[in-house]
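Engineer: Sending over a structure as structure tokens; questions will come in a sec.
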Amino acid sequence: MAHAWAQSQRSGWLCRLYGSPDASASGARTLSPLTVQSRLLDIVEAALIGTSAPADAAVATASLIMSQEDVSTPWANLTGLWLNAAESLADKQELRTLVEYVVAVAGLPDAVNEGPGVKVVDTGGGLISRIEPGQAVCDGKLRFWQDLPSYSWTLGDVFQGPESWIFTAEPATPAVATANWRNLNTYLALVAAHPRAQTIPGLANHLSLCRVPLAQLEYSPDSRRGEYTALHGPAIMQWLRIAGAEIEEMCRGEKERMQAGDLWDGGDVCGLERLAFWKRRVVELRF
Numbered sequence: 001m002a003h004a005w006a007q008s009q010r011s012g013w014l015c016r017l018y019g020s021p022d023a024s025a026s027g028a029r030t031l032s033p034l035t036v037q038s039r040l041l042d043i044v045e046a047a048l049i050g051t052s053a054p055a056d057a058a059v060a061t062a063s064l065i066m067s068q069e070d071v072s073t074p075w076a077n078l079t080g081l082w083l084n085a086a087e088s089l090a091d092k093q094e095l096r097t098l099v100e101y102v103v104a105v106a107g108l109p110d111a112v113n114e115g116p117g118v119k120v121v122d123t124g125g126g127l128i129s130r131i132e133p134g135q136a137v138c139d140g141k142l143r144f145w146q147d148l149p150s151y152s153w154t155l156g157d158v159f160q161g162p163e164s165w166i167f168t169a170e171p172a173t174p175a176v177a178t179a180n181w182r183n184l185n186t187y188l189a190l191v192a193a194h195p196r197a198q199t200i201p202g203l204a205n206h207l208s209l210c211r212v213p214l215a216q217l218e219y220s221p222d223s224r225r226g227e228y229t230a231l232h233g234p235a236i237m238q239w240l241r242i243a244g245a246e247i248e249e250m251c252r253g254e255k256e257r258m259q260a261g262d263l264w265d266g267g268d269v270c271g272l273e274r275l276a277f278w279k280r281r282v283v284e285l286r287f
């Protein structure tokens, strides 16, 4: 499945943004294998299908991105590829490999501009940072690689619930929306349960995201949010299967809070009683 996914990226958004018109009369665009985007995709695909170890793919990724004067564009392309793969890949082993690869990139030593020229980083708001040779490569205060600059923004864009795939200009079917949401949450749960990821600033907060699908269990079927609870079912089950121990520990600490749904009257603290309620609801809903 990873190979088919890579082909869809090559002929899809990467080609639309970075492809060139071919010589035919149709005006179709093709993505040159020499572009940094195509080369990045080659590295990602090799990691996912197992022809490159995650650690080796991480080193190749960093080397390619830091060979460019513009660091921000290929980095944004990479985070987009990661999260598109997280949505699209249904195979748990492929998602586990993706997590190992992301963790390997985030675990690399802090990037330094080794020259010979200046590198530029788009820090947003029209501001461009110039990174001189010998300086650390950062996006504002966020370091490459451990802080994963812009990764959280990209994740926030896609982590909108299965409803976001239905209510778009190109709506997905409920089945596709449910599958995409399940895949993405499988990836997030795998990150949340990965010991090394918890030591990396850019990945250490993923466990708190479990609250988004779990919140659906607190809404009655006739409420606005409860109408779509079934779409969240497979995602909820993946969290409980993969990161159940971590969720229990989170609830034992009672540090996370979340607005209560109409079926839960125990306050906004995510504690063990609330976790027990979620588990009862899973049984009631036959997820």
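Everything in the sequence shown is counted per full-length UniProt numbering, starting at 1 for the first residue and increasing by one. The C-beta atom is built at its ideal place from N, Cα and C for all residues, glycine as well.
1. Using the three-state DSSP reduction, which class does C270 fall into: helix, strand or coil?
2. Taking the alpha carbon of residue 315 as the reference point, which residue from I49, Q160, L64 has its own alpha carbon closest?
3. If we count Cβ pairs, one from each stretch, closer than 8 Å, do we get three or more for the region 70-86 versus the region 143-158?
4. Taking just the CA atoms, how far does T154 sit from P171?
5. What residue range is occupied by the uninterrupted alpha helix (DSSP H) comprising R286?
6. Hey, R39 and L14 are a contact pair by Cβ (cut 8 Å); roughly how many whole angstroms apart?
7. Leaving aside the five residues before and after G107 along the sequence, list all residues of the same chain whose C-beta is less than 8 Å from its C-beta, in chain order.
8. Give me the Cα-Cα distance between S164 and G124, rounded to the nearest whole angstrom.
9. Can we count R280 as close to the ligand MG, meaning its CB is less than 7 Å from some heavy atom?
10. Only counting the same chain, and skipping five residues up and downstream in sequence, which positions put a Cβ closer than 6 Å to that of A47?
11. Going by the DSSP bridge assignment, what does R143 pair with across the sheet?
12. With distances taken Cα to Cα, identify the nearest neighbour of Y219 among H194, G261, C251.
13. Suppose the cutoff is 8 Å on Cβ atoms and the five residues either side in sequence are ignored; what does the same chain contact list for V120 look like?
14. Going by the DSSP bridge assignment, what does L127 pair with across the sheet?
15. Put T35 into one of helix, strand or coil per three-state DSSP.
16. With C-beta atoms as the reference, is I247 less than 8 Å away from L275?
17. Give the secondary structure of S150 by DSSP, where H, G and I count as helix, E and B as strand, and everything else as coil.
Structural biologist: In terms of the structure at hand:
1. If you number the sequence shown from 1, residue 270 lands on position 270. Note: C270 maps to coil in three-state DSSP.
2. This structure does not reach residue 315, given that the chain is present from 1 up to 287, and the question cannot be answered.
3. yes
4. To locate residue 171, count along the sequence shown from 1; it is residue 171. To locate residue 154, count along the sequence shown from 1; it is residue 154. When rounded, the distance between both Cα atoms is 20 Å.
5. What you label residue 286 is simply residue 286 of the sequence shown in a count that begins at 1. That residue, R286, is in no alpha helix (DSSP H); it is neither H nor E in DSSP.
6. Taking the sequence shown and counting its residues from 1, the one referred to as residue 39 is at position 39. Taking the sequence shown and counting its residues from 1, the one referred to as residue 14 is at position 14. No, R39 and L14 are not in contact; Cβ-Cβ is about 11 Å, not under 8 Å.
7. In the sequence shown, the residue the question calls residue 107 occupies position 107. Result list for G107: A58, W145, Q146, R196, I200, in chain order.
8. Counted from its first residue, the sequence shown places residue 164 at position 164. Counted from its first residue, the sequence shown places residue 124 at position 124. Roughly 25 Å between the two C-alpha positions.
9. Among the components modelled here there is no ligand, and therefore nothing to report on the ligand MG.
10. The residue labelled residue 47 in the question sits at position 47 within the sequence shown. Hits under 6 Å: P54, A57, Y101.
11. Residue mapping note: residue 143 aligns to position 143 of the sequence shown, counting from 1. Bridge partners of R143: C138.
12. As a first step, residue 219 must be located in the sequence shown, where it is residue number 219. Ranking the options by Cα distance to Y219, first place goes to G261.
13. In the sequence shown, the residue the question calls residue 120 occupies position 120. So the qualifying residues of the chain are E69, D70, V71, S72, I128, S129, R130, I131.
14. Here the question's residue 127 lines up with position 127 in the sequence shown. Its beta-bridge partners are G124.
15. By one-based count along the sequence shown, residue 35 stands at place 35. Reduced to three states, the DSSP call for T35 is coil.
16. Taking the sequence shown and counting its residues from 1, one reaches residue 247 at position 247. Taking the sequence shown and counting its residues from 1, one reaches residue 275 at position 275. A contact, by the Cβ cut-off of 8 Å.
17. The residue you call residue 150 lines up with position 150 of the sequence shown. It is coil, neither helix nor strand.
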